[in-house]
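Just so we're aligned, residue 106 is where the sequence shown starts under the working numbering, counting upward by one.
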Amino acid sequence: MSQYEELTTTMTDQQYLVEALTEMGYKPEVQTGGTALRGYGGVSWNRPVQVTIPREQLRGALAPVGFGRDEAGVFQAVIDDLDRKCSGFDESWLGRVAQAYKERQTMAVAKTKGYVFRGREIVQTPQGPKVQLRFAVR
106 MSQYEELTTT
116 MTDQQYLVEA
126 LTEMGYKPEV
136 QTGGTALRGY
146 GGVSWNRPVQ
156 VTIPREQLRG
166 ALAPVGFGRD
176 EAGVFQAVID
186 DLDRKCSGFD
196 ESWLGRVAQA
206 YKERQTMAVA
216 KTKGYVFRGR
226 EIVQTPQGPK
236 VQLRFAVR
């Protein structure tokens, strides 16, 4: 039987989360007050989520993916366990979301400090590929 599981993130800003998901090709739906998440076979999540990716946008998924705030205001990913195990919406996928989020956040902070974006580069390190954003002072 399918059930929703909560995966921990460090994302706190809804704007950067929505921008990251959009950059990844999704059209997330935002409900400021939150909405119920209903999944495969009528399974539901007992807490509201503020950002949802409808199932139709998730290739091969059985249920929508949601992001809901916890008591501290941090978004937690809510993903159907079958989709996490079988459809690729797992910790690796969530890592790509977090990477895109961090890039959006870094770009916004750099802009407010007067830096000019000069490019994005992927550098190979012993731990694996690493994204480097390049900035210059105006």
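Glycine included, C-beta positions come from ideal geometry on N, C-alpha and C. Computed from a predicted structure; not experimentally measured.
Take the Cβ of residue i as the centre, count every other Cβ of all protein chains shown within 10 Å, and call the residue buried at 16 or more, exposed below.
i      : result
Phe222 : exposed
Ala177 : exposed
Gly144 : buried
Arg209 : buried
Ile80  : Because residue 80 is not part of the residues shown, which for the chain are 106 to 243, the question remains open.
Glu128 : exposed
Gln155 : buried
Gly233 : exposed
Between residue i and residue j, what straight-line distance do the alpha-carbon atoms span, to the nearest angstrom?
i      : j      : result
Gly146 : Val179 : 28 Å
Ala241 : Tyr220 : 6 Å
Arg201 : Lys207 : 10 Å
Val148 : Ala168 : 9 Å
Leu142 : Gly130 : 21 Å
Gly171 : Arg225 : 29 Å
Arg239 : Thr157 : 31 Å
Leu199 : Tyr121 : 14 Å
Arg243 : Arg152 : 45 Å
Gly139 : Thr211 : 27 Å
Using C-beta distances below 8 Å, list every residue in its chain close to residue i, excluding the 5 sequence neighbours before and after it, in chain order.
i      : result
Glu110 : Val183, Ile184, Asp185, Asp186, Arg189
Ala166 : Arg160, Asp185, Asp188, Ser192, Phe194
Ser107 : Gly144, Tyr145, Gly146, Val148, Leu167, Ala168, Asp185, Asp186, Leu187
Residues in the same chain with beta-carbon distance under 7 Å from residue i, minus the five sequence neighbours each way, listed in chain order, please.
i      : result
Thr113 : Gln181
Assuming residue i contacts residue j (C-beta within less than 8 Å), just tell me the rounded distance between them.
i      : j      : result
Met116 : Ala205 : Not confirmed; about 10 Å, so no contact.
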